[in-house]
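In numbering that gives the first Met the number 0, the protein residues as written are 0 to 277. Every residue, glycine too, gets a C-beta built ideally from N, C-alpha and C. If you're wondering where the values come from, they're calculated on a predicted model, not measured in any experiment.
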Amino acid sequence: MQDFQFLKPETIENTLELLDKYGTDAKLLAGGTDVIIALKERMITCKYLIDIKAIKEIQNICYSDKDGLSIGSAVCLNDIIESPYIKDNYGILGQAARTLANKLLRNRATLTGNICNSSPGGDMLPASLVLNGQVEIASRGGYRIIPLKEFITGVKKNVLKENELVTRIIFPVTHGSGIFLKRSRIKGHDLAQISVAAYLENDGTFKAAIWAAGPTPILVEKFRKYGKSELVENKMEIIKQIMEEVKPIDDVRATKAYRLVMIENLTNHILEELGGAI
């Protein structure tokens, strides 16, 4: 493990001061499930590790019929799974969280950390995309909000600047249901070889997101509106539209051919379930 100074600020403002002061020498720690491994393997280096877990301002999950769902960046995945705000219209987030590692790791891992890690195998990204997630980012200059579909720019890359902190992930008010499915080489903590999420709003708006099929998440949203039963009746039309958007590659986790087959297979299963056929 590298030598670094461990810092534990108690406010957002204090964290931003530290980021301004130390710049590229500092790294943020939310859950630590990705950062600690990267430090051990020297994939990243830092002189100052800033743990934001104790900041009360970012420890809560909030919901209102006006503003929707807000998940603070220090909220762990187990809290998302257990939250009554999430179980109904945002239940797909809980589904995705349950597939990540095990209960012990989910007590540390966070939604924000999963998103900021920006890995092609990030389990929380597809579900967050189909729910129209937005990323709230703070700096000493103020706050900005970025649509999640614009946040990730490449493998392990995003729009976050050195002096910025993600404070929460925001989801607008929605009414509907979604399903997340993934395939990985082994059960448990292994990254996804491919993952698919889809969400049908009560007004017929349909979205699908595919991850581990390219350097950035793929959000397919220009569908016509569908009634619940129409998902099954028109599943070949929907699958065709999705397959036209994906361009997976061969890598150490899976071949391009396998990914293409599994995208079609998982999407078919999701449409059957959302449409009430299974």
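(request) Determine the DSSP secondary structure at residue 266, reduced to helix, strand or coil. (result) To locate residue 266, count along the sequence shown from 1; it is residue 267. The answer is helix: DSSP assigns residue 266 an H, G or I state.
(request) Please report how far the alpha carbon of residue 43 lies from the alpha carbon of residue 197, in whole angstroms. (result) Position 44 of the sequence shown holds residue 43. Position 198 of the sequence shown holds residue 197. Looking at the two C-alpha atoms, the distance is approximately 34 angstroms.
(request) Could you tell me the boundaries of the alpha helix (DSSP H) in which residue 200 lies? (result) Against the sequence shown, residue 200 aligns to sequence position 201. Taken as a continuous stretch (DSSP letters only), residue 200 belongs to no alpha helix (DSSP H), being part of the beta strand (DSSP E) at 191-200.
(message) Please report the distance separating the alpha-carbon of residue 90 from that of residue 164.
(response) To locate residue 90, count along the sequence shown from 1; it is residue 91. To locate residue 164, count along the sequence shown from 1; it is residue 165. If you take the alpha carbons of residue 90 and residue 164, they lie about 26 angstroms apart.
(message) If we require 4 or more residues per run, which alpha helix (DSSP H) segments fall completely within the stretch 26-67?
(response) 34-39
(request) Check whether the Cβ atoms of residue 269 and residue 178 lie closer than 9 angstroms to each other. (result) Along the sequence shown, one-based indexing puts residue 269 at 270. Along the sequence shown, one-based indexing puts residue 178 at 179. Result yes, Cβ atoms of residue 269 and residue 178 sit closer than 9 angstroms.
(request) Return the first residue and the last residue of the alpha helix (DSSP H) that residue 112 is part of. (result) Here residue 112 refers to the residue found at position 113 of the sequence shown. 110-116 is the extent of the alpha helix (DSSP H) around residue 112.
(message) In this structure, how does DSSP classify residue 125 when only helix, strand and coil are distinguished?
(response) Counting from 1 along the sequence shown, the entry for residue 125 is found at position 126. Reduced to three states, the DSSP call for residue 125 is helix.
(message) DSSP three-state label for residue 11, please.
(response) One-based indexing of the sequence shown puts residue 11 at position 12. Three-state DSSP puts residue 11 in a helix.
(message) Just to confirm the assignment, what range does the alpha helix (DSSP H) spanning residue 231 have?
(response) Within the sequence shown, residue 231 is the residue found at index 232, counting from 1. Here the alpha helix (DSSP H) through residue 231 covers 229-232.
(request) Keeping to the same chain, check which residues put their C-beta closer than 8 angstroms to that of residue 145; ignore five residues upstream and five downstream. (result) As a position in the sequence shown, residue 145 is number 146, starting the count at 1. The answer, listed in chain order, is 133, 134, 136 and 158.
(message) residue 172 and residue 87 - do their beta-carbons sit closer together than 9 angstroms?
(response) Sequence index remark: in the sequence shown, residue 87 carries index 88 (1-based). Sequence index remark: in the sequence shown, residue 172 carries index 173 (1-based). Contact flag unset, no.
(message) DSSP three-state label for residue 239, please.
(response) Taking the sequence shown and counting its residues from 1, the one referred to as residue 239 is at position 240. Three-state result, residue 239: helix.
(request) Would you mind listing the beta strand (DSSP E) stretches within the stretch 137-179 that are 3+ residues and don't spill past its ends, in chain order? (result) 141-146, 151-153 and 164-170
(message) Under 8 angstroms: does the beta carbon of residue 57 sit that close to some heavy atom of the ligand ADP?
(response) As presented, the structure is devoid of all ligands, the ligand ADP included, so that no description of it is given.
(request) Would you check if the distance between the CB atom of residue 71 and the CB atom of residue 167 is smaller than 9 angstroms? (result) Within the sequence shown, the letter at position 72 stands for residue 71. Within the sequence shown, the letter at position 168 stands for residue 167. For residue 71 and residue 167, yes; Cβs fall inside 9 angstroms.
(request) Would you mind reading off the limits of the beta strand (DSSP E) that contains residue 209? (result) Counting from one through the sequence shown, the residue named residue 209 turns up at place 210. Here the beta strand (DSSP E) through residue 209 covers 205-210.
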